[in-house]
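Visitor: The opening residue of the sequence shown carries number 41 in our numbering; numbering runs sequentially from there.
Following this message is one structure expressed as structure tokens.
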Amino acid sequence: MISCSTKTSDEGQPAGISKAQVDSASFALGQNFGMVISMNDFGSLNFNEIVAGMKDIFAMGKIDPQEANRIGSEFSAVINKFMEDRMTLIGEETLAKGKEFLENNAKNEGVVTTESGLQYKIEREGNGVFPTAESTVECNYEGTLIDGTVFDSSYERGNTATFNLQNVIQGWTEGLQLIDEGGEITLWIPADLAYGERGAGANIGPNETLKFKVELIRVVPEETEE
41 MISCSTKTSD EGQPAGISKA QVDSASFALG QNFGMVISMN DFGSLNFNEI VAGMKDIFAM
101 GKIDPQEANR IGSEFSAVIN KFMEDRMTLI GEETLAKGKE FLENNAKNEG VVTTESGLQY
161 KIEREGNGVF PTAESTVECN YEGTLIDGTV FDSSYERGNT ATFNLQNVIQ GWTEGLQLID
221 EGGEITLWIP ADLAYGERGA GANIGPNETL KFKVELIRVV PEETEE
């Protein structure tokens, strides 16, 4: 009579699984863990401790669901506290760098600082048609961090962008009203007029000061009510 149990090797794998297969799967799991770490912006980590933690779990043997939930909650608490502290400190450092940058930038020729703290420089005058805070505008733009990193660009996409100025960050709402159709402006937007402590996506961290070069193609005419 044939046993219904699965024959395994001394290493806990079925006899037909080769060492090369185990090694490949192990490497793939390592890459998967590494990708998760990389995508979640943990910064530099102690990989010896990562391996030690994995070995600690493996040494526990099979874990029942209730115990797994308990351990998972402990893991989450430690990781969440680490990430909260990390992002708070990064935000504080970034805010200080942004303030220093704006203080120096304000001394450059042609740069104007408004009451809100927005800085701008008119690069090219337009035709005299200015948008209001409620206008929809068509423009080309490039957004960078103060270190020069490009995080968004209509030029790279090859298409102009259309926005209603009520639906953008405060720095854009204020800044685009300073330029007319056909004109070009450079905006330096402090964090409190941009995305603040929350940042935006993977490319704009907490408290980032942003720079935009914007060409105002046109103010989109309001639809005529019939």
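Note that the Cβ used here is the ideal one computed from N, Cα and C, for glycine as well.
1) Taking 7 Å as the limit between beta carbons, can you name the residues of its chain near T134, skipping five residues before and five after?
2) By DSSP, does F122 sit in helix, in strand, or in coil?
3) Under 9 Å between the Cβ atoms of D220 and F170?
4) Measure how close the beta-carbons of L250 and Y160 come, nearest whole angstrom, since I'm counting them as under 8 Å.
5) In the DSSP assignment, find the unbroken beta strand (DSSP E) run with N72 in it and report its ends.
6) Let me know if I91 comes out buried or exposed under the rule of 16 or more other beta-carbons within 10 Å of its beta-carbon.
7) What separation, rounded to the nearest whole angstrom, lies between the Cα atoms of Y235 and S64?
8) Considering only the alpha carbon of each residue, which of N243, P230, E224, I77 lies closest to R164?
9) Checking 9 Å against the spacing of the C-beta atoms, do G183 and S193 come in under that value?
10) Between G158 and G211, is the Cβ-Cβ spacing less than 9 Å?
11) What are the residues that DSSP puts in a beta bridge with F203?
12) Based on the DSSP secondary-structure assignment, which residues constitute the bridge partners of L135?
13) Taking the beta strand (DSSP E) that Q159 falls in, what are its first and last residues?
14) Let me confirm a value: E132 is counted as buried when at least 16 other C-beta atoms fall within 10 Å, else exposed. Which label applies?
15) Whole angstroms are fine: how far does the CA of K95 sit from the CA of D187?
16) Which residues mark the beginning and the end of the beta strand (DSSP E) in which S193 is found?
17) What ranges does the alpha helix (DSSP H) occupy inside the stretch 205–235, keeping only unbroken runs of at least 4 residues that lie completely in it?
18) Closest by CA to E199, which one among N207, Q206, C179?
19) Enumerate in chain order the residues of its own chain whose CB-to-CB distance from E237 is below 7 Å, with the five nearest sequence positions on each side excluded.
Guide: If we stick to the structure as given:
1) For the purposes of this step, residue 134 is identified with residue 94 of the sequence shown, where counting begins at 1. Same-chain partners within the cutoff: G245, P246, N247, E248.
2) Within the sequence shown, residue 122 is the residue found at index 82, counting from 1. It is helical.
3) As a working note, residue 220 is residue 180 in the sequence shown. As a working note, residue 170 is residue 130 in the sequence shown. Yes, these two residues count as a Cβ contact at 9 Å.
4) The residue given as residue 250 occupies position 210 in the sequence shown. The residue given as residue 160 occupies position 120 in the sequence shown. That pair is no contact at about 12 Å.
5) Residue mapping note: residue 72 aligns to position 32 of the sequence shown, counting from 1. No beta strand (DSSP E) contains N72, which is instead part of the alpha helix (DSSP H) from 59–79.
6) Mapped onto the sequence shown, residue 91 falls at position 51. The amino acid occupying residue 91 in the given sequence is Val; Ile does not appear at that position. Flag for V91 reads exposed.
7) As a first step, residue 235 is located in the sequence shown; it is residue number 195 there, counting from the start. As a first step, residue 64 is located in the sequence shown; it is residue number 24 there, counting from the start. Approximately 43 Å, taken between the alpha carbons.
8) Here the question's residue 164 lines up with position 124 in the sequence shown. Here the closest residue by C-alpha is E224.
9) Start at 1 with the first residue of the sequence shown, and residue 183 comes out as number 143. Start at 1 with the first residue of the sequence shown, and residue 193 comes out as number 153. Their beta carbons are under 9 Å apart, which means G183 touches S193 by this criterion.
10) Indexing the sequence shown from 1 puts residue 158 at position 118. Indexing the sequence shown from 1 puts residue 211 at position 171. Looking at the sequence itself, residue 158 is Leu, so the reference to Gly does not match. Result yes, Cβ atoms of L158 and G211 sit closer than 9 Å.
11) Translated into positions along the sequence shown, residue 203 becomes position 163. Answer is V177, bridged to F203.
12) In the sequence shown, counting from the first residue as 1, residue 135 sits at position 95. In the DSSP output, where bridge partners are listed per residue, L135 has none listed.
13) Taking the sequence shown and counting its residues from 1, one reaches residue 159 at position 119. Run containing Q159: 159–164, per the beta strand (DSSP E) assignment.
14) In the sequence shown, counting from the first residue as 1, residue 132 sits at position 92. Answer is exposed; the Cβ neighbour count stays below 16.
15) Indexing the sequence shown from 1 puts residue 187 at position 147. Indexing the sequence shown from 1 puts residue 95 at position 55. Computed Cα separation, rounded: 41 Å.
16) Along the sequence shown, one-based indexing puts residue 193 at 153. 190–193 is the extent of the beta strand (DSSP E) around S193.
17) 210–216
18) The residue labelled residue 199 in the question sits at position 159 within the sequence shown. The identity of residue 199 in the sequence shown is Asn, whereas the question assumes Glu. Closest by alpha carbon: C179.
19) For this step, residue 237 is matched to residue 197 along the sequence shown. Counting only Cβ-Cβ distances below 7 Å, and skipping sequence neighbours, we find G131, P246, N247.
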